[in-house]
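Just so you know, we're using this note's numbering here: the sequence shown kicks off at 8 and counts up by one.
The C-beta atom is built at its ideal place from N, Cα and C for all residues, glycine as well.
The structure appears right after this line, and notes come after that.
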Amino acid sequence: MRKPAKPRITKPNLAWKWNQRRRVWEPYHRITWTEGGKRRERAVKLDWQGSAERLDAIYWECATGRHDKQTAPAKHTWRALIETWRQDPRIQGKLSEGTKKTYRRDMDNILAKNADKDVRRTTKAAVRAAHATLAETPRKADRFLQTVSLLWNYGANKLDWPLGDNPTKGVDHYGKQREYEPWPQWMVDKLETAPEDVRTAATLILNTGQRPNAAITMKFSDFVGNWMSVLDEKNDERLEVYCPAELRDFIALAPRKGAYVLAKNLTQPRGYWAVSKAFRAWRDSLGPNAAKFVLHGLRKLAIIRLAEAGCSDAEIQAVTNQSAEMVAYYRARASRKALSRSAQQRRK
């Protein structure tokens, strides 16, 4: 077999070698240099398969240092860092299940796009840009920064990785946002115009006092007699709570389309984001006065209604599993309303 003709465009590092066993000429990308008085060579065989176009493409991969054989697999990847952190008993033994679940979700998001990328190449500009894309969910955005910072410090301080400065340093957090506004009564009254999924979700949140996602993913089997089993997502534990008569009646009449009250199919619940999307579309139809209210505000309204009914802080906590500080904050809202009603009624 003849040696292939030289290409019209000069390829200075292209070399051909005769393979005696296969009786063919084989192309290589070859670089030579002198080091310590000795001639050195690095050659990458080009699997051109007899195609001039393929040869051209592979050659330029080598010329620009992008060929697989020129690129050593990264040792300091996000995947390696996260997997090591997750398996470290010194870390995992100190975290609650709820905290682990939160970190797991955030780290899975990092892995989705960056698993095999070198941690050391992460720039502050890239972190700031990722943080900004989450601006509509400030708590989620700040949690992302916290997770990146935590992993970076773990890699630098516990694994002795040469990471340099933490790229989250100097990126401003959005900070604590204002507390969720409890829904006004006029908006609760408007629920009769909402889509079925939104009405169902609102009824579950308001009557259980639970976080929206926990309420939305409740099963019919969670309701037994006068009691209901609710999920405390933060601590990942189940709690038995007395079920109000209004909710018992609602569940008894609810159409059964699957195992879940809000069913996607026979075995799966509707997703939180699907319900949230339907809620936002309905909320937008109510005009600008409704813009600041979110599904979580129904949980806060549950606290206020319980406080107005004369419940103690301990009783409210037993239902909603809210912190003492949060119960006190929304109790003050209820107390002001009750006192103002009493004062205004004295006018008569």
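When T154, A341, A59, I223 are compared against K307, the one with the closest alpha-carbon: Comparing Cα-Cα distances from K307 to each of T154, A341, A59, I223, the minimum goes to A341.
Just to confirm the assignment: which complete alpha helix (DSSP H) runs, minimum length 4, are found wholly within the stretch 143 to 175? The stretch 143 to 175 contains these whole alpha helix (DSSP H) runs: 145 to 164.
Euclidean distance between Cα positions of R312 and R245: For R312 and R245, the distance between alpha carbons rounds to 24 angstroms.
In this structure, does DSSP put H303 in helix, strand or coil? For H303, the secondary structure class from DSSP, reduced to helix, strand or coil, is helix.
Straight-line Cα distance separating L53 from R61: Straight-line Cα distance between these residues: approximately 9 angstroms.
Please tell me whether E33 and K24 are closer than 8 angstroms, where the distance is taken between their beta carbons. Closer than 8 angstroms, so yes.
8 angstroms contact criterion, which A331 and V282 should meet: CB distance rounded: Approximately 29 angstroms separates the beta-carbon atoms of A331 and V282; this is outside 8 angstroms, ruling out the contact.
What is the DSSP secondary structure of D95, counted as helix, strand or coil? In the structure shown, D95 adopts coil according to DSSP, grouped into three states.
Here's a check: name, in chain order, each residue in its chain whose Cβ is nearer than 8 angstroms to the Cβ of E315, leaving out the five neighbours to either side. A341, K344, A345, listed in sequence order.
CB contact flag (A213, L302, <8 angstroms): Correcting the residue identity first, residue 213 is Leu in this sequence and not Ala. No, they are not a contact pair.
List the endpoints of the continuous beta strand (DSSP E) containing H36. Its beta strand (DSSP E) spans residues 31 to 42.
CB-CB under 7 angstroms to W190, same chain, minus the five flanking residues each way: which ones, in chain order? Closer than 7 angstroms at the Cβ level, and outside the excluded window around W190, lie F300, G304, L305, L308.
Neighbour-count burial assignment, N328, 16 or more Cβ in a 10 Å radius: Buried: at least 16 other Cβ atoms inside 10 Å.
In chain order, each alpha helix (DSSP H) run of at least 4 residues that lies wholly inside the stretch 182 to 263: Correct list: 192 to 196, 203 to 215, 219 to 223, 252 to 260.
Assuming W85 contacts A122 (C-beta within less than 8 angstroms), just tell me the rounded distance between them. W85 to A122, Cβ: 6 angstroms. Contact.
Three-pair Cβ contact test at 8 angstroms for the stretch 260 to 270 versus the stretch 216 to 232: Taking 8 angstroms as the limit for Cβ pairs, the verdict is that the stretch 216 to 232 does touch the stretch 260 to 270.
Go through its chain and collect everything with a Cβ distance to N272's Cβ below 7 angstroms, but skip five positions before and after it. Closer than 7 angstroms at the Cβ level, and outside the excluded window around N272, lie G265.
Nearest residue (CA-CA) to V31, options W55, R150, A335, G232: A check of alpha carbon separations from V31 across W55, R150, A335, G232 identifies W55 as the nearest.
Can you name, in chain order, every residue of its own chain whose Cβ lies under 8 angstroms from the Cβ of D204, other than the five neighbours on each side? Within the same chain, D204 has close Cβ partners L269, R277, A281, V282, A285.
What do you reckon, are the CB atoms on P174 and K131 nearer than 8 angstroms? For the pair P174 and K131, the CB atoms are nearer than the 8 angstroms cut-off.
Is the beta carbon of R290 sitting closer than 8 angstroms to the one on A297? Contact: yes.
With a Cβ-Cβ cutoff of 8 angstroms, do I370 and M114 count as a contact? Since the first residue of the chain shown is 8 and the last is 355, residue 370 is not available in this structure.
Reference A252, options Y279, E188, T210, N220, closest by Cα: Distances from the CA of A252 to each of Y279, E188, T210, N220 were compared; the closest alpha carbon is that of T210.
In its own chain, which residues sit with a C-beta less than 8 angstroms from the C-beta of Y336, not counting the 5 before and 5 after it? Excluding residues within five positions, the ones whose Cβ falls inside 8 angstroms are E186.
Using the three-state DSSP reduction, which class does V326 fall into: helix, strand or coil? V326 falls in the helix class under three-state DSSP.
What three-state label does DSSP hand T84 in the structure shown? Strand at T84.
Kindly list the residues whose CB is nearer than 7 angstroms to the CB of Y110, restricted to its own chain and excluding five residues on each side of it in sequence; keep chain order. Within its own chain, the residues whose Cβ lies closer than 7 angstroms to the Cβ of Y110, once the five positions on either side in sequence are excluded, are T154, listed in chain order.
Rank E322, Q275, E240, G216 by C-alpha distance to the C-alpha of L254 and give the top, closest one. Here the closest residue by C-alpha is G216.
Alpha helix (DSSP H) segment containing V134, residue limits: Per DSSP, V134 belongs to the alpha helix (DSSP H) from 131 to 140.
Return the CA-CA distance between N26 and W67, expressed in angstroms with no decimal places. One C-alpha to the other measures close to 23 angstroms.
Exposure label - D149; buried when at least 16 CB within 10 Å: Classification of D149: buried, given that the 10 Å Cβ count is 16 or more.
Which residues mark the beginning and the end of the alpha helix (DSSP H) in which W280 is found? Note, W280: alpha helix (DSSP H), 279 to 292.
Between D239, E104, H74, which has its C-alpha nearest R218's C-alpha? Nearest option by C-alpha distance: D239.
Looking only at its chain, what residues have a beta carbon closer than 6 angstroms to the beta carbon of I258, apart from the 5 residues adjacent to it on each side? Result list for I258: F230, in chain order.
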